Amino acid sequence: MNRDLSLGVDVGGTNTDAVVIDGAGRVLASTKQATSDDVTGGIRAAIAAVLAQLGEQRSRVSRVMLGTTHATNAIVARRDLDRVAAIRLGAPAATEYPPLLGWPKGLAGLVLAGSAMVGGGHMVDGTPIAPLDRDGIRRFLDRTEGFDAVAVTGIFSPSSPEQELAVAELVREHLGPHTRVFLSQDIGPTGLLERENATVLNAALYSVARSVTEALVTVVAEEGIDAVTFFAQNDGTLMSLDYAAQYPVLTIGSGPANSIRGAAHLSGAEHAIVVDVGGTTSDLGVVVNGFPRESTLPREIGGVRTNFRMPDILSLGIGGGTTVDPRTGAVGPGSVGHRITEQALLFGGGTPTLTDAAALAGAVVGGRSLPSLPPVTSALLKTALEDARQQLEDAVERLSLGRADLPLVVVGGGGFLVPDGLPGAGQVLRPEHGDVANAVGAAISLAGGRADQISSLHDREAAVAQASEAAVAKAIHAGADPLRVSIVDILETPVTYTDHPTVKVSVKAAGPLARLGEKTGA
Amino acid sequence: MPPTSPASAGAQVAAADVAALAAGAAIFGTGGGGAVHTAQVVAEQVLLENGPVPLVTVDELGPDDLVMLMSGIGAPTVGIEMLSSRHQIDLLVREAQAAAGRPITALMAAEIGGSNGVSPVGWASRLGLKLLDADGMGRAFPSAAMVSMNVAGLPCDFAILSDVVGNVSVIKTIDLHWLERHARALTVASGSICLGAHYPMTAETARGAVVEGTVSAAIRVGHALLSASEPVAAVAAELGGSILLTGKITDLDRRTEDGFARGSVTIAGTGADRGRLQRLELQNENLVVLEDGEVLASVPDNVTVIDAETGQAITTEMLRYGQRVAVLAWACDPIWRTPRGLELAGPQAFGYDLTYVPFKETTR
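Top to bottom, those sequences are chains A and B.
Here the first sequence stands for residues 1 to 522, numbered as in the UniProt record's numbering.
Here the second sequence stands for residues 1 to 364, numbered as in the UniProt record's numbering.
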């Protein structure tokens, strides 16, 4: 039997979507279910629904891919987080900036069991700042109580990784081989405080990630399908379940990344602007060579500044449920969200929304028609729709970087808010199954990895080769087929104030998943 | 005219002022000066622990006071990773005292623009010193020679550099161009990042040689930015400057030349400014604004690109195609308009073959 089907699930704040895709990339089944409080219920319902649509074909499913906002929600809600002992290697450097500086007090108190800044770390050219203070680390571990994990951040560890690795070994020797140790070199590029923040958050998310990965494994087992399971990460690639439990912070931002990749796949556009219009927001992103364009700016997650790679997303407060002020016609910022079917004018409620404005302008929404409205309300709705369109037009133009020929792919339930002609973009594409683009993106993802290296300009080629090798290894670790993994992006940045020309290279590798899922069925 | 009303007697900088100081320092960065966020979080923390810092004017300095100029120096790419040590500033001030042969009693920011305008308040708090309500530029400039003391002809007796591992160097050079050269070489040897103290000054030598009132001005501008309902207009009013144009970035051309990030940006007017087009020339900082071939503002006058909605400063490296921005300009301190000031920091000092026309608020 041909076991060529992939099942993609996307757990959003409101809905859990699922799709099944065949080897040729066609959508065979899809569903939208409400996200449950325990997450598992929604996943179970969504997977059961698409498998039911498949009928006897269900045993052809060999892979299940999950994208989830669970990690973000846990940080924002300060829920189920593990306690972390944070070790910084680099003293005396950076001692003016203790770990977790600038975190919201409540979150820092919840997460941090203790921190130490010990001798170690490297300068930009690889020279050690100080010898590694092994005794200092042992003393810190002995005097710190009640932690579940250790986070280690060494100055310039992205280009000089060996010290962090030595510390991981030391911690396991001292506390036992199963101690959870997380290294900053695996999490983010240079930018010490932001990378350390991301590493500590990552360590704190271990149990949260475990519970979701276990939920997925349980549901897959309950359904009796023989499939390998993967998680979607924020750059539009996949990682294995083990890897996701180790690097849960990388699942943050996977929703927009999946939506962009899914929209590109469904529309057939390798280069495009994608707009995903939901109930509360419109998220816009750019797809380049089939992957989301990444942001280079630090981002705040739950009030914490972090620097790991995230898709370059522009979020507007414009969605189908966005309210229109009945006195001024002002758009938002409120939204009736999933209560739209009770509160919007179109559904017999009393709250004017952008959906009502679109319906007034002729959009067909759920086959319903508006009640007759006072002229002043109609006028205000018109103004509001024009305002929303202007905001969308500005955002599209901004993301296009001046290219007016990129197609605009419209997905999501509120896609009717986007008009057919927007200056600043080419053709407007509204692909079939666009309402479940997130789940499609999860189902079609490749496995990927990224690595950074700082080197002298005349060793540039060696540095690119070294970073490429590390990125490929990470991609394979994440589940990529070793024979088909390739480098998809190389970014070089010059470094100033050095005695010889120096460059930072950042390499991303990705490849199709190893066909492990077929081993039993092939 | 620029803001010159200095702090009133008994003035202090408290932890609650640091966010405003940082937002204001970003405006005074005129596109450069480095990101203020990291400096802001550490200064807030130190002021919470040690209490507010006395902010004094030159007139309030006594005969026993000695002021040191403080700054970070080095590569931003390295600066985000190899942050300063807790003892680096202590060492710096201890060596400066030894070199001067008397106690340091007050610190001053070398430049009020960017992170270098924010960090000294934390250092003063940690060391229990006063902060002078002044700086050496009134903005941000890329070179150590572009300081008001140099314009005033004040010699720099010595400079001290300290690095993260504890190396300290005392540098005595014949002028500021040699200081820049030596300081750069030492900074490279230290791993591309250092802290520096230079220009020891007394009340007598500081008078007329520093740009006064800039710390309190940055705080005022920052408060206006963070609290006003119309932040763009509030910032312009607080600075006594004008908005040259409100529009969007339609072209961005960047190149690296001689270690500097050069470039030009085209901004197309929107709303009331529709149909107008301005070009902004950059080199780390914003240097010249042109419209229809006419110079509207240029160095040493100040030009900052701010977000059209929030009023927050956008550094030259953060400029992006499509951004909605306002171009804000205001007059420099009079010291920069002297022949010596223009020689050091006028358009020609940055390689532009154009005659300096003083910016007035009525220009447009």
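Virtual Cβ for every residue (Gly too), placed ideally from N, Cα, C.
Just so you know, these numbers come straight off a predicted model, no measurement behind them.
Q) With a Cβ-Cβ cutoff of 8 angstroms, do Leu-282 (chain B) and Thr-316 (chain B) count as a contact? A) Here residue 282 (chain B) refers to the residue found at position 282 of the second sequence. Here residue 316 (chain B) refers to the residue found at position 316 of the second sequence. Taking 8 angstroms as the Cβ cut-off, Leu-282 (chain B) and Thr-316 (chain B) qualify as a contacting pair.
Note to self: With the cut-off set at 8 angstroms, would you say Glu-95 (chain B) and Val-168 (chain B) are in Cβ contact?
What the structure shows: Working through the second sequence from its first residue, we reach residue 95 (chain B) at position 95. Working through the second sequence from its first residue, we reach residue 168 (chain B) at position 168. Yes. Within cutoff.
| request: Please confirm if Thr-38 (chain B) has its CB atom under 8 angstroms from at least one CB of chain A. | output: Along the second sequence, one-based indexing puts residue 38 (chain B) at 38. With 8 angstroms as the cut-off, Thr-38 (chain B) counts as an interface residue toward chain A.
Check: So Ile-249 (chain B) and Tyr-321 (chain B) are in contact, right, with Cβ under 8 angstroms, and what is the actual spacing, rounded?
Finding: Position 249 of the second sequence holds residue 249 (chain B). Position 321 of the second sequence holds residue 321 (chain B). Confirmed, about 6 angstroms.
Spell out whether any CB of chain B is found under 8 angstroms from the CB atom of Arg-398 (chain A). Within the first sequence, residue 398 (chain A) is the residue found at index 398, counting from 1. Chain B, which has a Cβ nearer than 8 angstroms to the Cβ of Arg-398 (chain A), makes this yes.
Going by the CB atoms, is the gap between Val-36 (chain B) and Ala-22 (chain B) shorter than 8 angstroms? Here residue 22 (chain B) refers to the residue found at position 22 when the second sequence is read from its first residue. Here residue 36 (chain B) refers to the residue found at position 36 when the second sequence is read from its first residue. Contact flag set, yes.
Task: Three or more C-beta pairs below 8 angstroms linking the segment 85-103 of chain A and the segment 250-264 of chain A - done: no
Exercise. Which of helix, strand or coil does DSSP assign to Asn-307 (chain A)?
Worked result: The residue labelled residue 307 (chain A) in the question sits at position 307 within the first sequence. Of the three classes helix, strand and coil, the one that applies to Asn-307 (chain A) here is coil, per DSSP.
Checklist entry - Cα separation between Tyr-356 (chain B) and Ala-345 (chain B)? => result In the second sequence, the residue the question calls residue 356 (chain B) occupies position 356. In the second sequence, the residue the question calls residue 345 (chain B) occupies position 345. One C-alpha to the other measures close to 10 angstroms.
Practice item. Identify which residue in A:Ser-184, A:Arg-368, A:Leu-250 has its Cα closest to the Cα of Glu-81 (chain B). Key: Taking the first residue of the second sequence as position 1, residue 81 (chain B) is located at position 81. For the residues A:Ser-184, A:Arg-368, A:Leu-250, the minimum Cα distance to Glu-81 (chain B) belongs to A:Ser-184.
| query | Going by the CB atoms, is the gap between Val-84 (chain A) and Phe-140 (chain A) shorter than 8 angstroms? | reply | What you label residue 140 (chain A) is simply residue 140 of the first sequence in a count that begins at 1. What you label residue 84 (chain A) is simply residue 84 of the first sequence in a count that begins at 1. Going by C-beta atoms, Phe-140 (chain A) is not nearer than 8 angstroms to Val-84 (chain A).
* Asked: CA-CA distance, Ser-125 (chain B) and Leu-354 (chain B)?
  -> As a first step, residue 125 (chain B) must be located in the second sequence, where it is residue number 125. As a first step, residue 354 (chain B) must be located in the second sequence, where it is residue number 354. Going from the Cα of Ser-125 (chain B) to the Cα of Leu-354 (chain B) covers about 44 angstroms.
Put Tyr-199 (chain B) into one of helix, strand or coil per three-state DSSP. For the purposes of this step, residue 199 (chain B) is taken as residue 199 along the second sequence, with counting starting at 1. Here Tyr-199 (chain B) sits in strand by DSSP.
Exercise. Can you tell me the Cβ-Cβ gap for Gln-53 (chain A) and Gly-42 (chain A), rounded? I've got them flagged as a contact below 8 angstroms.
Key: Residue 53 (chain A) sits at position 53 when you count from the first residue of the first sequence. Residue 42 (chain A) sits at position 42 when you count from the first residue of the first sequence. Gln-53 (chain A) to Gly-42 (chain A), Cβ: 17 angstroms. No contact.
**Prompt:** Just curious, the alpha helix (DSSP H) that Ile-75 (chain A) is in, first and last residue?
**Reply:** On the first sequence, position 75 is the one that residue 75 (chain A) refers to. Taken as a continuous stretch (DSSP letters only), the alpha helix (DSSP H) holding Ile-75 (chain A) covers 70-77.
Please state whether the Cβ-Cβ distance between Ser-400 (chain A) and Gly-424 (chain A) is less than 8 angstroms.
Reading the first sequence from its first residue, position 400 is the one you call residue 400 (chain A). Reading the first sequence from its first residue, position 424 is the one you call residue 424 (chain A). Yes, Cβ-Cβ distance for Ser-400 (chain A) and Gly-424 (chain A) is below 8 angstroms.
| query | Would the segment 477-484 of chain A and the segment 455-466 of chain A be scored as touching if the rule is three or more Cβ pairs under 8 angstroms? | reply | no
Three or more C-beta pairs under 8 angstroms: does that hold for the segment 247-255 of chain A against the segment 203-211 of chain A? yes
**Residue from B:Ala-19, B:Val-13, B:Ala-9, B:Ser-143 whose Cα sits closest to the Cα of Gln-312 (chain B)** = On the second sequence, residue 312 (chain B) is found 312 positions in, with the first residue counted as 1. Out of B:Ala-19, B:Val-13, B:Ala-9, B:Ser-143, B:Ala-19 has the C-alpha closest to the C-alpha of Gln-312 (chain B).
| said: Under 9 angstroms, CB to CB, which of the residues in the segment 177-197 of chain B have a partner in chain A? | reply: Arg-184, Ala-185, Thr-187, Val-188, Ala-189, Ser-190, Gly-191, Ser-192, Ile-193
For this session: Could you tell me if Glu-162 (chain A) is buried or exposed, where buried requires 16 or more neighbouring beta carbons within 10 angstroms of its beta carbon?
Result: Translated into positions along the first sequence, residue 162 (chain A) becomes position 162. Exposed is the call here.
Please look up how many angstroms separate the CB atoms of Leu-101 (chain A) and Val-42 (chain B), rounded, as I've assumed it's under 8 angstroms. As a first step, residue 101 (chain A) must be located in the first sequence, where it is residue number 101. As a first step, residue 42 (chain B) must be located in the second sequence, where it is residue number 42. Correct: roughly 6 angstroms between the Cβ atoms.
For Lys-504 (chain A): DSSP bridge partner residues: Here residue 504 (chain A) refers to the residue found at position 504 of the first sequence. Looking at the DSSP assignment, Lys-504 (chain A) forms a beta bridge with A:Ile-454, A:Thr-493.
Item to check | Ala-215 (chain A), buried or exposed, once every other Cβ within 10 Å from all chains shown has been counted against 16 | outcome: Within the first sequence, numbered from 1, the residue matching residue 215 (chain A) stands at position 215. The residue is buried, with at least 16 neighbouring Cβ atoms inside 10 Å.
Exercise. Mind the definition here: the segment 289-296 of chain A touches the segment 229-244 of chain A only if three or more C-beta pairs lie below 8 angstroms; say whether that holds.
Key: yes
At 8 angstroms on the CB atoms, spell out the chain A contacts of residue 373 (chain B), in chain order.
The structure shown does not extend to residue 373 (chain B), since chain B is modelled only from 1 to 364, so the question has no answer here.
_Within 9 angstroms of chain B by C-beta, residues of the segment 129-142 of chain A in sequence order_ = Ile-129, Ala-130
(Q) For the segment 304-311 of chain A against the segment 265-275 of chain A, do three or more pairs of beta-carbon atoms, one drawn from each stretch, fall closer than 8 angstroms, so that the two count as touching? (A) no
Notebook entry, point to check: Sorted by chain position, which residues of the same chain lie with C-beta nearer than 7 angstroms to Val-336 (chain A)'s C-beta, five sequence neighbours on each side aside?
Noted result: To locate residue 336 (chain A), count along the first sequence from 1; it is residue 336. Cβ within range, chain order: Gly-321, Thr-323, Gln-343, Ala-344, Thr-351, Thr-353.
Exercise. So which residues of chain B does Gly-102 (chain A) contact, with C-beta pairs closer than 9 angstroms?
Worked result: Numbered from 1 along the first sequence, position 102 holds the residue referred to as residue 102 (chain A). Per Cβ cutoff of 9 angstroms: His-37, Thr-38, Gln-40, Val-41, Val-42, Glu-44, Gln-45.
**Message:** Given this structure, state the Cα-to-Cα distance separating Ala-228 (chain B) from Ala-308 (chain B), to the nearest angstrom.
**Reply:** One-based indexing of the second sequence puts residue 228 (chain B) at position 228. One-based indexing of the second sequence puts residue 308 (chain B) at position 308. Approximately 14 angstroms, taken between the alpha carbons.
Notebook entry, point to check: When Cβ atoms are compared, which residues of the segment 289-308 of chain A fall closer than 7 angstroms to chain B?
Noted result: none
Requested in this report: May I ask you to list the residues that DSSP assigns as paired with Glu-294 (chain B)?
Outcome: For the purposes of this step, residue 294 (chain B) is identified with residue 294 of the second sequence, where counting begins at 1. Its beta-bridge partners are B:Glu-291.
Which residues of chain B have a Cβ atom closer than 8 angstroms to the Cβ of Lys-504 (chain A), listed in chain order?
The residue labelled residue 504 (chain A) in the question sits at position 504 within the first sequence. Simply Thr-77.
Notebook entry, point to check: Going along the chain, which residues of the segment 150-178 of chain A sit with their C-beta nearer than 9 angstroms to a C-beta in chain B?
Noted result: Ile-155, Phe-156, Pro-158
* To do: Put Leu-32 (chain A) into one of helix, strand or coil per three-state DSSP.
  => By one-based count along the first sequence, residue 32 (chain A) stands at place 32. The residue you asked about is not Leu; residue 32 (chain A) is Lys in the sequence shown. Reduced to three states, the DSSP call for Lys-32 (chain A) is strand.
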